[in-house]
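Those sequence lines, one after another, are chains A, B and C.
With my numbering, the residue at position 156 of the first sequence is 157, and numbering never jumps.
With my numbering, the residue at position 123 of the second sequence is 120, and numbering never jumps.
With my numbering, the residue at position 276 of the third sequence is 277, and numbering never jumps.
All C-beta atoms in this analysis are idealised placements derived from N, C-alpha and C, irrespective of residue type, glycine included.
To start, the structure under review is shown below, and the notes come after it.
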Amino acid sequence: MGNGAPPLVETRDLTMHFPLPSGLVDRLRGRPAEVVRAVDGVSLAIAAGETVGLVGESGCGKTTFGRCLVRLYEPTSGDLRFRGESLLGHDAAAVRRLRRSVQMIFQDPYSSLNPRKTVRAALSEVLRVHRICPEAEVPARVAGLLERVGLSAALADRYPRQFSGGQRQRIGIARALAVEPAFIVADEAVSALDVSIQAQVLNLLAQLQDDLGLTYLFIAHNLGVVRHIADRVAVMYLGTIVEVQAAATVFDQPLHPYTQALVRAIPTLDRGRAARPTTAAIEGDPPSPMAVPAGCRFHPRCPYAMPVCREVAPVLAPQPGGPAVACHLYPGQPAAAGAVSVNIGTGA
Amino acid sequence: MTPPPILRVRGLETSFATSGGLVRAVDGVSFDVGPGEAFGLVGESGCGKSATCRSIIGLLPGHATTAGAVEFNGQNLLAATPEAMRRVRGAEIAMVFQDPMTALNPVARIGDQVAEAVRAHQRVGHRAARARALELLRLVGIPAPERRLDDYPHRFSGGMRQRVVIAIALAGEPRILLADEPTTALDVTIQDQILTLLVRLQAELGMSVVLVSHDLGVVARVCQRVAVMYAGQIVEQGPVETVLGAPRHPYTIGLLASLPGIAGRARYLRPIPGAPPSLLDPPSGCRFHPRCPFATERCPTWAVERLPVGPDHDAACWRQEAIAEESRLAAVGTT
Amino acid sequence: MATTSTHAAPTARPRAAWPAVPGLRLPPTLLVGGVLLAVVVALAVMAPLLTPYGPLDQDLLNAKKPPSWGHPFGTDNFGRDVLTRVLFGARVDLLIGLVPTAITFVVGVSLGAVAGYFGGRVDAVLMRLVDIAVAFPFFVLLIALVAMLGPGLRNMIVAISLVGWISYARIVRGEVLVARQAEYVLAARTLGFGDARIIAGHLLPNVITAAIVFSMADIVLNILLGTALSFLGLGPQAPTAEWGRMIQEGRQFIASGEWWMTTFPGLAIVVVAVAFSLIGDGLADLLRVEDRV
Ligand SMILES: Nc1ncnc2c1ncn2[C@@H]1O[C@H](COP(=O)(O)OP(=O)(O)OP(=O)(O)O)[C@@H](O)[C@H]1O
Ligand SMILES: Nc1ncnc2c1ncn2[C@@H]1O[C@H](COP(=O)(O)OP(=O)(O)OP(=O)(O)O)[C@@H](O)[C@H]1O
Ligand code: SF4
Ligand code: SF4
Ligand SMILES: [Mg+2]
Ligand SMILES: [Mg+2]
């Protein structure tokens, strides 16, 4: 990456803050509204054809980040670029065109399809709205899309409730493919599926990538799934990215203390190594995104926390060999205590 | 010799009468749980894991019928009176459910809920119950429990709530803890904490644990023995190391092969084709035959039985020898 | 939880796929209510053919006659045939039931959907309006409006419409607030569908059931409102044949034993009310998307 063509998708310091509904009293007193800092300054570049896995604990902002990318949410600040062009720009027509290239696969195979539309109606609607093909070719296109995701075209006139979870997920994928996207955000796309069905859908996603050259942001809490499908893994903690590393190495050599804990917490089948350990990988719960700790956000739970960690927020710094990590244990961090001027504005 | 089992399930059958017909959720399930042993029950959604648990503890809805035997302390729980069952429940066998968000009463203080459970099993005064509640909360790893006694559940995170639910289950000092997907609703890191807690409690209290999960890794983390369920039946049973390390039933083999992130980093997984059958009308003979790559014409009519593989290891497949041989040859061929 | 029994082979469950085959498996309540309503409508439409009298024909010599072969429902104090007036009254009363309901349904559903979908300022303004309207007792507000506009059939309909949309807006807004978070709506947005298409094509079909079912009760309510307003003299003026008005005019004769002038229009109201309630129940059954069994 880096030299030559711009990344397919790139965020720069993307933030998404949700204001909490504030009481009338607070408003009258002129208190600033509280915000949930769901995504808090994320810079991530995704190259064409690659799969980036996004992992992290519940509530750390994975879904919010994904929804910002597909423009379901209007980011609070920062920039979002697609093939080098800003998606937050003012040229409505261009934004509309770019938007089509970015699609999403949803988590819940039960609520992600309109219960009152047959599969044919749902897919045809997409083709017609975007004039993907001449009217006469719509039925053939629908059949083609269904076959693409491994479903028989004979099933097109059924309603979503007549399909199993795995089949519905395939329909959701077909719907996203209908607009011929280049980039797909898959938010927990296989989490609701059984192991044997999950493997089928993962294979389908791999196949589509091989055939169509798709790029994925694959959001999942199941690290085994991410390890399997991703080329690179981004680890998120409380609205920020703390580590980015190749999937091939991150599970064996996690750098950030949080990544290390996450990897250690994965239940493995490997009974030989540490059968039934009696200590947990990490203690405590993640803090609330409404009260983000100062300095390194992980410091209240980090076994290596140092004085500097409480004051200076680490930045995502590249490390030799490719990974990037936001932790004072590694080189490339802003100067530590003493240089007081550094940590302006790291607090609330 | 191994001590006699504390729980013996024999030929358990549980069905639900539904508008679509009779759902045979559990169909001839047998297994033993030893004293102080952690036993895992794994299988995909709808294979009858929860129905098995609920049958053991007698918490089935009215439209369910059971047959077979669940022997605990020489008593068949399926034939026990509701009165006798109430005495067993909580005091001898306790259950922890999947969703910690709905398992607690939202308008009662945590301390009161645990103390109430204590008093349900022991004739103790209010103060003693509260002291015991504090002890239990400390046991399950609630930090500074004395300060949390008067909190309401909404102030607790999911992981903390599940700890409280476990504390309530421990109040009657049960000899068996049934945990039905206790970590499915939780994060990996929190799941790891709860599983660690289960391992610790089992060791410290000498309690038996029956852990239900769809995640083989979770079972491997906690259990010594495991039973794999498919479509209402146990297809393979044995020590965790053997079942997961050298599986003999084609379903177990397929399940392990479809796990992502295990088999190196092959681009494509090897999923089991098709989907699990409906329990309204399960396939004849070996229920796995429509999806089994090793099936022969005999499988649809084979009278299923669990055949011994090794010490305390059995699999319900008549072709297991041949299959093991085939895989050995295949392995030799590829390496 | 949502995953229980999802893997029943789909082919094994050819569920009755409404709306692909409407007409099959209609709930009995819907059938009975529909037939009842059809009869009432037919009688109202064919009224001139069914009776030799006109609704306004007076026959003072035959005033206040009890039911007989010539006048099955008897005659009123002007000698008008009560059966004839009940039949012609159906036209007016169905109008009072249907027209304001149709208006309030369309207006309320659209406003509710728009407010729920867009939220923000549109929603705030609408909800303030609703709050204000709800602060007054419904009937008092209605009487005040009619009094302001002046009595009469048209003004009565206008008044009911001005107040009635609020219920629909609230029902639909509530449902849309929930449904717009559903992943299929998010999916429609990521697919770049326009807001109008999403509201009309994706949200409304999934949230409108409650409003439709409510509208059946609302028709009955509006008929009763109409008769009540007429009873108070605020509805259609004499000598229009209208059930509420007929009851009001016949009321003075109940004491002297001439029960038929009030009983038959009263029964007519009951029949129509029952018909619409049955239809409402039946629709509720029919439109409910089968749960994720
Ligand atoms: N629309 C919203 N309004 C207010 N707060 C929100 C909204 N959406 C998300 N949040 C909050 O933002 C934070 C991040 O949520 P998000 O759903 O992105 O997390 P996640 O990483 O996807 O978690 P999970 O693994 O549970 O899906 C959470 O604290 C959540 O409560
Ligand atoms: N109360 C009930 N009424 C009717 N059928 C039921 C009921 N409970 C369960 N079933 C059916 O019995 C079968 C087994 O269900 P069970 O809940 O035991 O599965 P499970 O293995 O626990 O699955 P999961 O992993 O989804 O919890 C399923 O087919 C289910 O549909
Ligand atoms: S910066 Fe400090 S507190 Fe944060 S992860 Fe690194 S060592 Fe731990
Ligand atoms: S009995 Fe036959 S179908 Fe069943 S698992 Fe063995 S080989 Fe496969
Ligand atoms: Mg999420
Ligand atoms: Mg279950």
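Query raised in the report: F28 of chain B bridges to which residues according to DSSP?
Result: Translated into positions along the second sequence, residue 28 of chain B becomes position 31. Answer is B:V6, bridged to F28 of chain B.
**Report entry** Chain-ordered list of residues that sit, by beta carbon, closer than 5 Å to a heavy atom of ligand 1
**Finding:** A:F19, A:V37, A:A39, A:S59, A:G60, A:C61, A:G62, A:K63, A:T64, A:T65 and A:P290
Query raised in the report: How many angstroms separate the CA atom of G165 of chain C from the CA atom of R86 of chain C?
Result: Counting from 1 along the third sequence, the entry for residue 165 of chain C is found at position 164. Counting from 1 along the third sequence, the entry for residue 86 of chain C is found at position 85. Those two C-alpha atoms are separated by around 28 Å.
Requested in this report: For D184 of chain B, name the three-state secondary structure that DSSP assigns.
Outcome: Within the second sequence, residue 184 of chain B is the residue found at index 187, counting from 1. Coil at D184 of chain B, not helix or strand.
Report task. Kindly indicate which three-state DSSP category N73 of chain B falls into: helix, strand or coil? Result -> By 1-based counting over the second sequence, the position of residue 73 of chain B is 76. In the structure shown, N73 of chain B sits in a strand (DSSP, three-state: E or B).
Query - At least 3 beta-carbon pairs within less than 8 Å: the region 266 to 283 of chain C vs the region 207 to 218 of chain C - result: yes
**Report entry** Proximity test, Q108 of chain A beta-carbon vs ligand 5 heavy atom, cut-off 8 Å
**Finding:** Taking the first sequence and counting its residues from 1, the one referred to as residue 108 of chain A is at position 107. Because some heavy atom of ligand 5 lies under 8 Å away, the Cβ of Q108 of chain A counts as near it: yes.
Query - Residues near I139 of chain B by beta carbon distance below 8 Å, same chain, minus five either side - result: Locating residue 139 of chain B in the second sequence gives position 142, where the first residue counts as 1. The answer, listed in chain order, is R145, M157, R160, V161 and A164.
Query raised in the report: Hey, is A1 of chain A's beta-carbon within less than 9 Å of any beta-carbon in chain B?
Result: Given a span of 2 to 349 for chain A in the structure shown, any question on residue 1 of chain A remains unanswerable.
Requested in this report: Pull up the CB-CB distance for P101 of chain C and G234 of chain C, whole angstroms please, since I reckon it's below 8 Å.
Outcome: Position 100 of the third sequence holds residue 101 of chain C. Position 233 of the third sequence holds residue 234 of chain C. Contact doesn't hold; Cβ gap of about 19 Å is too wide.
Requested in this report: Work out the CA separation of A182 of chain B and C297 of chain A for me, nearest whole Å.
Outcome: Here the question's residue 297 of chain A lines up with position 296 in the first sequence. Here the question's residue 182 of chain B lines up with position 185 in the second sequence. Going by the C-alpha atoms only, they are around 28 Å apart.
**Report entry** Contact test: A318 of chain A Cβ vs ligand 3 heavy atom, cutoff 8 Å
**Finding:** Taking the first residue of the first sequence as 1, we reach residue 318 of chain A at position 317. No, Cβ of A318 of chain A sits at least 8 Å from all heavy atoms of ligand 3.
Query - Contact set between L89 of chain A and chain C, taken where Cβ atoms lie within less than 8 Å - result: In the first sequence, counting from the first residue as 1, residue 89 of chain A sits at position 88. What L89 of chain A touches in chain C: nothing, since even the nearest Cβ is about 16 Å away.
Query - Under 7 Å from the C-beta of Q104 of chain A: neighbouring residues of chain C - result: Along the first sequence, one-based indexing puts residue 104 of chain A at 103. Within 7 Å Cβ-Cβ: T191.
Query raised in the report: Contact check, I270 of chain C vs T228 of chain C under 8 Å by CB: the rounded distance?
Result: Within the third sequence, the letter at position 269 stands for residue 270 of chain C. Within the third sequence, the letter at position 227 stands for residue 228 of chain C. At roughly 6 Å, the Cβ-Cβ gap stays under 8 Å, so I270 of chain C and T228 of chain C are in contact.
Query raised in the report: At a Cβ threshold of 9 Å, is E176 of chain C touching chain A?
Result: Residue mapping note: residue 176 of chain C aligns to position 175 of the third sequence, counting from 1. With 9 Å as the cut-off, E176 of chain C does not count as an interface residue toward chain A.
Requested in this report: Mark L326 of chain B as exposed unless 16 or more other C-beta atoms lie within 10 angstroms of its C-beta, in which case mark it buried.
Outcome: If you number the second sequence from 1, residue 326 of chain B lands on position 329. L326 of chain B is exposed by the Cβ-count criterion.
Query raised in the report: Any C-beta of chain A sitting closer than 9 Å to the C-beta of F194 of chain C?
Result: One-based indexing of the third sequence puts residue 194 of chain C at position 193. By this cut-off, F194 of chain C is an interface position.
Query raised in the report: For the 8 Å Cβ check, are there 3 or more pairs between the region 208 to 222 of chain B and the region 311 to 318 of chain A?
Result: no
Query raised in the report: Out of curiosity, what's the CA-to-CA distance linking V254 of chain C and T210 of chain C?
Result: The residue given as residue 254 of chain C occupies position 253 in the third sequence. The residue given as residue 210 of chain C occupies position 209 in the third sequence. Reading off the sequence shown, one finds Phe at residue 254 of chain C, where the question assumed Val. Taking the straight line joining both Cα atoms gives about 44 Å.
**Report entry** Identity of the residues DSSP links to G18 of chain B by a beta bridge
**Finding:** The residue given as residue 18 of chain B occupies position 21 in the second sequence. Its beta-bridge partners are B:T15.
**Report entry** Candidates A:P290, A:S192, A:E244 and A:A325, of which the one nearest D41 of chain A by Cα
**Finding:** For the purposes of this step, residue 41 of chain A is taken as residue 40 along the first sequence, with counting starting at 1. Here the closest residue by C-alpha is A:P290.
Requested in this report: Please find out if some non-hydrogen atom of ligand 6 comes closer than 8 Å to the beta-carbon of D177 of chain B.
Outcome: Within the second sequence, residue 177 of chain B is the residue found at index 180, counting from 1. Yes - ligand 6 has a heavy atom lying nearer than 8 Å to the Cβ of D177 of chain B.
Requested in this report: With distances taken Cα to Cα, identify the nearest neighbour of E284 of chain A among A:A295, A:A34, A:R302 and A:T269.
Outcome: As a working mapping, residue 284 of chain A is identified with position 283 in the first sequence. Here the closest residue by C-alpha is A:R302.
Query raised in the report: Is M204 of chain B buried or exposed, if buried means 16 or more other CB atoms sit within 10 Å of its CB?
Result: Stepping through the second sequence from its first residue, residue 204 of chain B is reached at position 207. The residue is buried, with at least 16 neighbouring Cβ atoms inside 10 Å.
Requested in this report: Could you name the residues of the region 21 to 50 of chain B whose beta carbon sits closer than 8 Å to any beta carbon of chain A, in the order they occur along the chain?
Outcome: E41 and S42
**Report entry** Whole beta strand (DSSP E) elements within the region 111 to 177 of chain B, 3-residue minimum
**Finding:** 173 to 177
**Report entry** Spatially closest choice to Q201 of chain A from B:P270, B:N102 and B:A228, by CA coordinates
**Finding:** Indexing the first sequence from 1 puts residue 201 of chain A at position 200. Measuring from the Cα of Q201 of chain A, the nearest candidate turns out to be B:P270.
Report task. Flag this pair as touching only if the region 204 to 220 of chain A and the region 58 to 71 of chain A have three or more C-beta atom pairs under 8 Å; answer yes or no. Result -> yes
**Report entry** Minimum length 4: unbroken alpha helix (DSSP H) runs contained in the region 96 to 166 of chain A
**Finding:** 120 to 130 and 139 to 149
Requested in this report: Would you check whether ligand 6 has a heavy atom nearer than 8 Å to the C-beta of K46 of chain B?
Outcome: Here residue 46 of chain B corresponds to residue number 49 of the second sequence, with the count starting at 1. Indeed, a heavy atom of ligand 6 lies less than 8 Å from the Cβ.
Query raised in the report: Relative to chain B, which residues along the region 183 to 205 of chain A have a C-beta separation below 8 Å, given in chain order?
Result: D195, V196, S197, I198, Q199, A200, Q201, L203 and N204
Query raised in the report: Taking any Cβ of chain A, which residues in the region 142 to 157 of chain C have a Cβ under 8 Å from it, in chain order?
Result: none
Query raised in the report: Using a Cβ-Cβ distance under 9 Å, would Y149 of chain B count as near chain A?
Result: Counted from its first residue, the second sequence places residue 149 of chain B at position 152. Not an interface residue.
Report task. Using a cut-off of 7 Å between C-beta atoms, extract the partners of E243 of chain C located in chain A. Result -> Mapped onto the third sequence, residue 243 of chain C falls at position 242. Ordered by position in chain A, no residue passes the 7 Å Cβ test against E243 of chain C, which lies about 40 Å from the chain.
Query raised in the report: Beta carbon of V236 of chain A: closer than 8 Å to some heavy atom of ligand 3?
Result: Counted from its first residue, the first sequence places residue 236 of chain A at position 235. No, the beta carbon of V236 of chain A sits no closer than 8 Å to any heavy atom of ligand 3.
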